[in-house]
Amino acid sequence: MVLLTMVLAAPLLQAETKPNIVYIICDDLGYGDVHCLAPETSKIPTPHADRLAAEGLVFTDAHSGSSVCSPTRYGIMTGRYSWRTRLQKGVVTGFAPSLIDAKRMTVAGFLKQQGYATAAIGKWHLDFEYVNPETGERYRKQQHKTPPIGARIPDGPVHRGFDFYHGFHHARNMEAVIENDRVVEHDAVINMLPRLTRKAVEYIDSRASSDQPFFLYLPLGSPHTPIVPTPEWQGKSGLGSYGDFVMQTDHVLGAVSKALARHKMTDNTLVIFTSDNGCSKAAGIPELRAKGHLVSAHLRGSKADIWDGGHRIPFIVRWPGQVQPGTTCSELICLTDLFATVAEIVGKAVPPGTSEDSVSF
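For the sequence shown, this note's numbering assigns the number 10 to the initial residue and increments by one for each residue that follows.
Okay, structure coming up:
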């Protein structure tokens, strides 16, 4: 952890005081969408991300493992590049066996072994199957765009290291709300971001009376399409629906931060706020540029591009008493490195054959 120790305010916590760990993974949030990272060209207010940066550390050369969703998420979960799997290009689309092999240790499984409670709330996008609970038959994508209520999931997040899961697979079947290993309801897509916010706060509330550290993985579905800010956020940015949705996404960080503060958890919680790749062209990049907002700041390209704008991402860390407030680091890091980094933070070596591509920073 050479880079992180350069900006530590104090020696690393000992194992008996393991920090809570929260990953907030935005979906298609561009480097230039966070105001404090590019104040001259970012016209969308992001007060909560800006505050997190003022209270913590900004990595200015952080990269996702890919410029699209699934490969990056695979790297975050396993510390491995997705080319080691069947996914050689593009993304997965559900109704298929999990991209994470059943025997593969995830960061959630590793932290669970170290005594952590583990929860995932949000977008999974690493494939799983849907099974008819009465017949055992696999539902097929050709027959069910939206998986039916009651469908069982035999290889989802709760089978890959998480104690609790609430969320959806990916944007094209966001209506299917999953809890643990079942589809529990169908809901309008506009309700998903408020739902994830509420569930994350409820989870933090539920941990308030426990001495057990927790790992909360919060992969949002925003500001990815469908771009659906709720009525109270519509028109807030003055930049159209995308700007409004970015503001609502920033609000999730604020809600999580307030929940941690309410329970006096802030000082012992490592919060990481980042994105899975660059901003999507579906955001209306030319229209935003015409209004003075550059989604990738000074970088060339956007989501799905090999240029920096496709994979250079916001990455902000807050860990009071450990990371110096208001600092920056220009060294190169990748989201795939998170597994090894948190392993070093909790003071445990990963087993052989685990997180092969992850290097602690």
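Glycine residues also receive a C-beta, built at the ideal position from the N, C-alpha and C atoms.
Query	Result
Spatial neighbours of Pro166 in its chain, beta-carbon cut-off 7 angstroms, leaving aside the 5 residues before and after	Ala129, Trp133 and Tyr174
Same chain only: Cβ atoms within 7 angstroms of Asn182, ignoring 5 sequence neighbours per side	Gly103, Lys154, Thr155 and Pro156
CA nearest to the CA of Leu120, picked from Phe370, Gly362 and Ala358	Ala358
Local Cβ density within 10 Å of Thr144, reported as buried at 16 or more and exposed below that	exposed
Short Cβ contact (8 angstroms threshold) for Ile53 with Ser284	no
Inside the region 264-324 only - alpha helix (DSSP H) runs reaching at least 4 residues	294-299 and 317-320
Alpha carbon of Thr275 to alpha carbon of Ile34, nearest angstrom	19 angstroms
Validate contact between the region 57-64 and the region 77-93 using beta carbons, cut 8 angstroms, 3 pairs	no
Every unbroken beta strand (DSSP E) inside the region 117-161 [3 residues or more]	126-132
Among Phe348, Ala299, Ile187 and Tyr148, nearest to Val370 - alpha-carbon criterion	Here residue 370 turns out to be Phe, not Val, going by the sequence shown. When each option's Cα is compared against that of Phe370, the closest is Phe348.
Residue range of the alpha helix (DSSP H) that includes Val355	Leu347 to Val355
Three-way DSSP call (helix, strand, coil) for Ile236 in this model	coil
Beta-carbon proximity check, Val31 vs Leu229, cutoff 8 angstroms	no
Cβ pair Ser79, Leu135 closer than 8 angstroms	yes
Gln23 burial status per 10 Å Cβ neighbour count (16 or more: buried)	In this prediction, Gln23 scores a pLDDT of 46, lower than 50, which makes its location untrustworthy; no coordinate-derived value is stated.
Beta-ladder partner(s) of Glu194, from DSSP	Val186
Sub-8 angstroms separation of Tyr40 and Ser289 beta-carbons	no
Inter-residue CB distance, Ile236 and Glu194 (contact presumed, cutoff 8 angstroms)	With a Cβ gap of about 23 angstroms, Ile236 and Glu194 do not count as contacting.
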